[in-house]
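Data block below; observations after.
Protein chains: 2
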Amino acid sequence: MNVARTIDAFRELRSGLPEPVGFVPTMGFLHDGHLSLVRIARERCPSVVTSIYVNPSQFAPTEDLADYPRDLNRDLALLEEENVDLVFAPEEGVGLYPAGFDTWIELPTIASRLEGVSRPTHFRGVATIVTKLFHIVEPDVAVFGQKDAQQALVVHRLVRDLDFDIELVLGPIAREPGGLAMSSRNIYLSPNEREAATALYRSLQRVERLYTAGEHKAENLRHAIREVLAAEPLVQQEYVSVASPADLSELETIEGRALVSLSVRIGKTRLIDNTVLPPGEPLL
Amino acid sequence: MNVARTIDAFRELRSGLPEPVGFVPTMGFLHDGHLSLVRIARERCPSVVTSIYVNPSQFAPTEDLADYPRDLNRDLALLEEENVDLVFAPEEGVGLYPAGFDTWIELPTIASRLEGVSRPTHFRGVATIVTKLFHIVEPDVAVFGQKDAQQALVVHRLVRDLDFDIELVLGPIAREPGGLAMSSRNIYLSPNEREAATALYRSLQRVERLYTAGEHKAENLRHAIREVLAAEPLVQQEYVSVASPADLSELETIEGRALVSLSVRIGKTRLIDNTVLPPGEPLL
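Structure (structure tokens):
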């Protein structure tokens with residue numbers, strides 16, 4: 002496995018990889034969710050590239066950029082076990098945002114909803130770094146996780162609208178025993194908080210059961226989630242959404258597919274989770 | 002010469018071209034300025050691609066999108082004479098802006114100055130279509146004209162900030178006898194207006210002489226341009242700028258290079274022109 006710490010070094014190594022190339026971008030501190038995406042890329046492509054970069058432009062000044070967990074050596078050992086061919090792990094200050102950087106990808110509608118309400122510049126940062134990484138890595142296939150469902154929809158729209166010649170593949174949400182969606186930020190949770198956090202998945206399971214039993218009114222499903230979350234005093238609810246995957250507009254009645262998503266705070270930690278209705282349907 | 006009218010047809014033909022590929026994007030109604038850019042691409046690359054597309058997103062609703070001159074058959078004949086290998090001339094409604102299109106490239110600082118004052122969404126449209134065309138054409142070299150100097154700076158910034166692996170080359174301004182910069186919009190000018198329009202180049206020549214004689218105060222150079230233009234009653238002045246090529250901020254004193262640029266209206270026609278100081282220095 003090769004590791005490139007600069008764009009030039011990466012391009013040199015990338016040019017020797019057999020096509021097609023599968024790509025899994027990450028912010029590091031890898032867990033089984035990331036590794037499941039790497040395996041999806043591996044199944045589809047003779048070459049697999051992963052990036053590890055905590056992208057500053059998707060964090061607001063008030064957010065946890067400085068505290069975001071990092072462990073490059075551990076990450077590289079995990080990727081080596083997965084037979085990744087090439088890792089792009091730019092050094093701090095390697096110039097992804099050079100002085101005078103002033104070019105941004107904006108998706109005004111889809112980026113302003115759900116996560117965008119409390120994180121108004123987040124998806125601008127995501128779309129911009131994904132575009133940059135796509136230009137550096139030049140993948141044929143890119144694998145993202147459904148855990149970040151809105152991010153997946155933003156990238157899907159980005160690929161379509163800007164004519165990237167890249168196949169986008171989503172991997173399912175990897176969960177801890179108990180149902181908590183895997184996230185690098187789970188490390189912030191105390192044992193009590195981690196227990197309370199299982200309410201997210203429990204609320205989504207309840208919605209799946211209600212939907213399957215015939216409840217297609219979105220407001221009743223949102224209410225069912227809020228009830229489950231309200232039973233956990235440590236959980237502060239943010240949004241609870243039953244929305245169209247096309248543009249994330251909130252639905253009244255579910256006729257086709259729906260993305261059910263929610264965000265909460267538990268102590269200082271912000272957590273998100275989601276499911277697609279009908280259960281088992283793909284998000285994209 | 003092959004002509005592709007859809008993205009899929011283009012990609013199929015593009016995949017057979019020997020590398021490196023040089024690319025000249027145009028809005029058609031070609032003149033010798035465009036053809037000089039094609040020749041620059043030809044000198045550098047075994048394969049040359051040109052696009053012909055009047056990009057709606059860079060026109061404001063009040064501008065001349067519907068009236069913009071078009072003559073595809075004439076354009077294709079001219080490109081064939083220049084031994085262009087492949088032309089991307091998407092049909093109207095071929096889907097470069099599909100329903101729900103919502104992804105834009107923004108360069109907040111550089112795009113807001115000069116042309117951006119009277120055309121606030123123009124460079125958003127330019128940067129977005131250039132990004133799309135770069136993803137479709139996948140060129141190694143892209144050739145733009147210095148006539149649209151701010152556009153060249155926007156694309157230069159775009160390529161750098163978003164890590165496009167593309168070499169950007171600028172071609173010099175092609176001029177009519179008398180000095181008028183070639184432009185597809187010159188067809189709008191009456192004979193009297195065309196005569197008046199030579200004042201643009203005369204004003205720039207005066208500035209070059211003054212600079213060479215030692216005048217490095219930007220305000221004195223702007224004043225010299227305004228005097229030449231004011232002598233032509235048909236010319237309505239818009240901006241007259243002596244700015245840093247780095248960010249288009251207006252200069253007080255020219256120490257390094259300067260972009261001297263101006264825009265005017267003559268009747269219904271908007272014209273722009275520019276030169277770089279010291280004379281003969283490259284813009285980029």
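Here the protein sequences line up with chains R and V, keeping their order.
Using our numbering, the first residue of the first sequence is number 2, and each one after it goes up by one.
Using our numbering, the first residue of the second sequence is number 2, and each one after it goes up by one.
Using N, Cα and C, we set each Cβ at its ideal position, and we do this for glycine too.
Keep in mind it's a predicted model, so treat the numbers as computed, not measured.
query	result
Where the alpha helix (DSSP H) containing Asn193 (chain R) begins and where it ends	Pro192 to Ala197
Cut-off 6 Å between Cβ atoms - residues of its own chain near Ile53 (chain V), not counting five sequence neighbours on either side	Thr27, Gly29, Asp76 and Ala90
Ordered list of beta strand (DSSP E) runs contained in the segment 42-118 of chain V, each at least 3 residues	48-53, 87-89 and 105-107
Assigned secondary structure, Gly126 (chain R) (DSSP; H/G/I helix, E/B strand, else coil)	helix
Counterpart residues of Asp274 (chain R) in DSSP-defined beta bridges	R:Leu263
Assigned exposure category for Gly23 (chain V) - 16 Cβ within 10 Å defines buried	buried
Burial state of Arg71 (chain V), where buried means 16 or more other Cβ atoms lie within 10 Å	exposed
Beta-bridge pairing of Ala182 (chain V) - partner residues as DSSP gives them	V:Arg176
Extent of the continuous alpha helix (DSSP H) to which Glu216 (chain R) belongs	That residue, Glu216 (chain R), is in no alpha helix (DSSP H); it is neither H nor E in DSSP.
Counterpart residues of Val4 (chain R) in DSSP-defined beta bridges	R:Val88
Segment contact flag, the segment 128-139 of chain R with the segment 47-65 of chain R, C-beta cutoff 8 Å, min 3 pairs	yes
Distance between Ala182 (chain R) and Tyr202 (chain R) (C-alpha atoms, nearest Å)	8 Å
Nearest-angstrom Cβ-Cβ length linking Asp1 (chain R) and Glu251 (chain R), presumed shorter than 8 Å	Outside the shown range of chain R, which is 2 to 285, sits residue 1 (chain R), and nothing can be said about it.
With 16 other Cβ atoms within 10 Å as the buried cut-off, status of Glu139 (chain V)	buried
CB contact below 7 Å: His136 (chain R) versus chain V	yes
Between the CA atoms of Pro99 (chain R) and Lys286 (chain V) - distance to the nearest angstrom	The shown model of chain V, from 2 to 285, leaves out residue 286 (chain V), and the question about it has no answer.
Buried or exposed by the 16-neighbour rule on C-beta atoms within 10 Å, applied to Ile188 (chain R)	exposed
Residues that Phe102 (chain R) contacts on chain V, provided the C-beta gap is smaller than 8 Å	Asp162
Contiguous beta strand (DSSP E) assignments of at least 3 residues, all confined to the segment 3-36 of chain V	3-5 and 22-27
Pair within 7 Å by beta-carbon distance, Arg266 (chain R) and Glu282 (chain R)	no
Any chain R beta carbon closer than 7 Å to Val133 (chain V)	For the sequence presented, residue 133 (chain V) should be read as Lys rather than Val. Judged by the 7 Å Cβ criterion, Lys133 (chain V) is in contact with chain R.
Pairwise C-alpha distance: Ala200 (chain R) and Val4 (chain V)	58 Å
Nearest to Met2 (chain V) (by Cα), restricted to the options V:Arg15, V:Asn84 and V:Ala67	V:Asn84
Residue closest to Ala42 (chain R), alpha-carbon to alpha-carbon, out of R:Gly146, R:Ser242 and R:Asn275	R:Gly146
Contact set between Thr110 (chain R) and chain V, taken where Cβ atoms lie within less than 7 Å	Asp103
Residues in the segment 166-178 of chain R having any Cβ partner in chain V nearer than 7 Å	Asp166
Cβ neighbours of Ala143 (chain V) in the same chain (closer than 6 Å, five flanking residues each side left out)	Phe24, Ile167 and Leu169
Cβ-Cβ distance between Ala150 (chain R) and Leu263 (chain R) below 7 Å	no
Minimum Cβ-Cβ distance from Leu252 (chain V) to chain R less than 7 Å	no
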